[in-house]
Amino acid sequence: MKMPEPDQEVLAKRDYLVRRLKEIVRNPEGVIDRETDLRAFECDGLSAYRQLPMIAVLPETKEEVAEILKFCAREKVNVVPRGAGTGLSGGALPLADGVLLGLGKFNRILEVDYENRCAVCQPGVTNLAITDAVKADGFYYAPDPSSQIACTIGGNIAENSGGVHCLKYGLTTNNVLGVEMVTMEGEIVRLGGKHLDAEGYDLLGILTGSEGLLGVITEVTVRLLRSPEHISAQLIGFPTSEQAGDCVGRIIAEGIIPAGMEMMDRPAIHAAEEFCHAGYPLDVEALLIVELDGPEVEITYLNDRIGEIAKACGATVIRQSRTEEERMTFWAGRKAAFPAVGRISPDYMCMDGTIPRSQLPHVLARMNELSEHYGLRVANVFHAGDGNLHPLILFDANVPGELERCEQFGADILKLCVEVGGVLTGEHGVGIEKRDLMGEMFSEEDLKQQQRLKCAFDPEGRLNPGKVFPVLHRCAELGRMHVHHGQLPFPDIPRF
Amino acid sequence: MRQIEIKTEDQISDVLEWALAGKHRLAIAGAGTKIGIGRPVEADAAVRLEGLSGVELYEPAELVMQAQAGTRLTEIRDILGREGQKLAFDPPDYGPLLGHPAGLGTIGGIFCCNLSGAARVKAGAARDHLLGVQGFTGRGQAFKTGSRVMKNVTGYDLCKLVAGSYGTLTIASRMTFKVLPRPEKTRTVLVFGVGEAEAVAAMRDALSSEHEVCAAAYLPEGVARRSGVSYLQSENRSVVALRIEGPGPSAEFRCVAIRGLMAAYGETEELHGQNSGTLWRFVGDVGAFVQDDPGVVWKVSVPPAGAPAYLKRLREHVQDMEYYLDWGGGLIWIALPNHTATGGEYAIRQSLNGEGHATLIRGSESLRASIAPFQPQNPVLARISEKIREGFDPHRILNPGRMYAFGGEG
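Which chain is which? The protein sequence lines are A and B, in order.
In terms of the working numbering, the first sequence has 511 at position 214, counting the first letter as 1, and numbering is strictly consecutive.
In terms of the working numbering, the second sequence has 123 at position 99, counting the first letter as 1, and numbering is strictly consecutive.
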């Protein structure tokens, strides 16, 4: 993974930068420059890649954020924003010549507004803390990435995080009403608010999922939903993954949108069962967890229908949760799938492609071939309802060459996803991990067009450079346009 | 002005090449039913995409459809209906409101204007259902964003940008979007004779309940009378309308529960099937203000609980107005008499108190040329928006000035 060459001029003035940043950030511990302390920030959830930042700053007010950005812009210093650093694509990987801007101190919920069914939070509030704050009143915040105990709402917006319930409740982008953002030039602006829709271009919509490349979020307004009356889950096992995939398709085609619909393949089932004894059947090739929420009468009605569909699709195991405890047990294995796989292998890499669901059998078969080719095992967990696949590639970083083989295997899986009409990443983001694969999905011109958007927000390219885009173009170069005057075959009359 | 009817994607490319070579400005539309929204566009050629029509991909089990931009919504609805599916954001038909026949609107038009009906409050806006766009930028380059899958964070989410850009960034040729099952049953609970502030509280209670109310509107008496639903016409009272959908047993259960919850606010009734459909089309299509005398119509988005206070402030400036509420109070439709000076722009926007935004949806060409139909942005956002436009369309040939007079364009 190649990152942009550090700017020697910036590195040379590090002491000066530290001194000035200490004047901006009031908290004496808010500027970190000692190597031992900087270690805490050297990677995010994609820990295979590490880099110490030049300096880390932990501001506490939006004014400090604005001052820091203004200062960095003036001094031509790159900035990497960071929430909790749980991201899985290296989006918060520091830069050797960059300031790491940690927003962990922005950890307060500012307002819970039931009149308008929303909450106003600082960006460093964890995803789960929002739900915790409103749970007693019967509300929750819907997107629930598996890292929700640690990941921050600011980071969720940067990555447009999903979770297991986005089939019914949408991703972050569908649940955010407004943000306050600081531009790289240090201007504090609001996008959206407690009302719906944008007055002009939907800047909030593009900020969401922009991986820290467009602005730094200092406040967030999210939609709150009323917690469902009842929740219930079914565990359904199939002799083949084709049958499981077919069942998912038929449930949806029959007009049922479950709150969540997860699938695990045999290796994942076995790893999870060994790890947390959820009572998963071990003689099946694929396991579905289908969760429903709503009034009891709806759950009973739909559970019956889903049971019938499952039987028709050849299910050999159908178990319905009878208690909340049992439902949690069903989920325990799925939620622990990553650590479970971590236990059966020294290292693993989690991929994140999305595919048209009908392609699942084909993709699984091809993945098995690739697994043999690379000599690396793979376990699959799958947000089956929306086609988001998480293959976990098992490897041992201590074996020379295995990491590289794993990376190659992962890249082949993602290329396969694109080949069948899917995408490189469903919810983890591009970051550095998939940066060099962007060309698989986008033409050169498409990528340039995306970077022109970046230029509108951050013309000098100071925010999180080296992420998302394989080639960094200068904005001036992107702006150029050549019109072929006089070369038209029909100079006067267009042929329509 | 030259009229250009697009039939194939290649023709879009040709038009752009021609336009760029000669610096010709293009007024772009689908069927043209919404060209009355926004600033009048001064152009050298009018480009219509309604001939670029046809559903190209539909996979009901994957909840996805792809259609050429000029495909009529009515056609898409028919095809979806055969599989028991629908567009969940209740795409409205502003045709009659803006002086056109009903049923002409295109899928490209609805997404490029990001227009959503009553279901927006729960199901999300048009933009939330747009998965992918193909088309051409004002540079004449083929442009593609998004995909056909529901979960995708690969690169910037430019679909959000295209949605609501009124043809100022791209000429979209193909839209890919999410579709959803049509609910087994739909019920509408009516609560009669409720005042404005109480109505907003009632809608808040309903939307905050666990009964998944999927639309909530308030029609003052005069508006209710025009709804075309006999129940409402004969009552001579204001009405709160709450829509409940779901599997049969569930919709019925919820309907009873909501009626129980609403009993404290007033007498309740319920609408089934066709009447329910008629009412929500009336709400979404702004049927209340489709009248012989085409007054000025504003669409105002506010924090839902703030609707009564907004109306109170507005009444201090404007006496002769009609309104109704959708989105639980978050959307206020306002009709003012034609002779209202500057279309009431100052009062409408001043009353926002900095929260929300107002868009002129119907107004004469001269009014639209003289005021800002779209809410003016703060200078920083305006600068960013203008640069975004420049990135897509450096020569400003696509619908120049339609949204804002960026850098004096249009």
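Think of the CB as a built atom: it goes at the ideal place given N, C-alpha and C, for glycine as much as any other residue.
The DSSP-derived three-state label of B/Glu269 is strand. A/Met778 has a beta carbon lying within less than 7 Å of a beta carbon in chain B.
Residue pairing by DSSP places B/Glu294 opposite B/Val213 in a beta bridge.
Contacts between B/Arg151 and chain A, judged by CB atoms closer than 7 Å, involve Asp499 and Gly502 in chain order.
For A/Glu408, the secondary structure class from DSSP, reduced to helix, strand or coil, is strand.
Residues of chain B with a Cβ closer than 9 Å to the Cβ of A/Lys491 are, in chain order, Val326, Pro327, Pro328, Ala329, Gly330, Gly354, Glu379 and Gly380. Proximity of A/Ala753 to chain B, defined by a Cβ-Cβ separation below 7 Å, is satisfied.
Taking a beta-carbon distance threshold of 7 Å, B/Asn176 counts as an interface residue toward chain A. If you check each beta-carbon in the segment 379-399 of chain B against every beta-carbon of chain A, the ones closer than 9 Å belong to Glu379, Gly380, His381, Ala382, Thr383, Phe398 and Gln399. For the segment 419-434 of chain B, residues whose beta-carbon sits nearer than 9 Å to a beta-carbon of chain A comprise His419, Met427 and Tyr428. Residues of chain A with a Cβ closer than 9 Å to the Cβ of B/Pro205 are, in chain order, Ile549, Ala550, Glu551, Gly552, Ile553 and Ile554. With its beta carbon at least 7 Å from every one in chain A, B/Arg101 lies outside the interface.
Scanning its chain for C-beta atoms nearer than 6 Å, with the 5 sequence neighbours on each side dropped, one finds around B/Pro271 the residues Glu208, in chain order. Around the Cβ of A/Pro555, a 10 Å sphere holds 16 or more other Cβ atoms; the residue is buried. Taking A/Leu657 as reference, the option from A/Trp628, A/Ala583 and A/Leu750 with the minimal CA-CA separation is A/Ala583. Against chain A, the CB of B/Tyr370 has no partner CB under 7 Å away; the residue lies outside that interface. Less than 7 Å separates the beta-carbon of A/Lys367 from that of A/Gly483. Counting along the chain, A/Lys359 sits inside the alpha helix (DSSP H) bounded by residues Lys359 to Glu372. A Cβ-Cβ contact shorter than 7 Å links B/Leu266 with B/Ile282. For B/Tyr180, the nearest CB of chain A lies under 7 Å from its own CB, placing it at the interface with that chain.
Note that the C-beta distance between B/Gly217 and B/Gly290 is below 7 Å. Straight through space, the alpha carbons of A/Leu589 and A/Ser458 are spaced by roughly 21 Å.
Residues of chain A with a Cβ closer than 7 Å to the Cβ of B/Trp351 are, in chain order, Leu493.
Taking C-beta atoms under 8 Å as the contact rule, A/Asn472 and A/Ala439 qualify, at a distance of about 5 Å.
Beta-carbon to beta-carbon, B/Ser197 and B/Ala93 are separated by about 5 Å, close enough to satisfy the 8 Å threshold. Annotation for A/Asn375: no alpha helix (DSSP H) segment contains it, though the beta strand (DSSP E) segment containing it runs Asn375 to Arg379. For A/Ser443, the closest Cβ of chain B is not nearer than 7 Å.
The straight-line gap separating the alpha-carbon atoms of A/Leu585 and A/Ser538 is approximately 10 Å. Under the DSSP definition of a beta bridge, A/His680 partners with A/Glu559 and A/Asn685. In the three-state reduction of the DSSP assignment, B/Gln165 falls in the coil class, being assigned neither a helical nor a strand state.
Of the other Cβ atoms in all chains shown, fewer than 16 fall within 10 Å of the Cβ of B/His341; this residue is therefore exposed.
In the DSSP assignment, the residues bridged to A/Gly489 are A/Gly475. Under the criterion of beta carbons closer than 8 Å, A/Leu464 and A/Gly557 qualify as touching, at roughly 7 Å.
Fewer than three pairs of CB atoms, one per stretch, sit closer than 8 Å, so the segment 707-727 of chain A makes no contact with the segment 597-606 of chain A. Of all residues in the segment 361-387 of chain A, none is placed with a Cβ closer than 8 Å to any Cβ belonging to chain B. The criterion of a C-beta distance shorter than 7 Å is not satisfied by A/Thr428 and A/Leu474.
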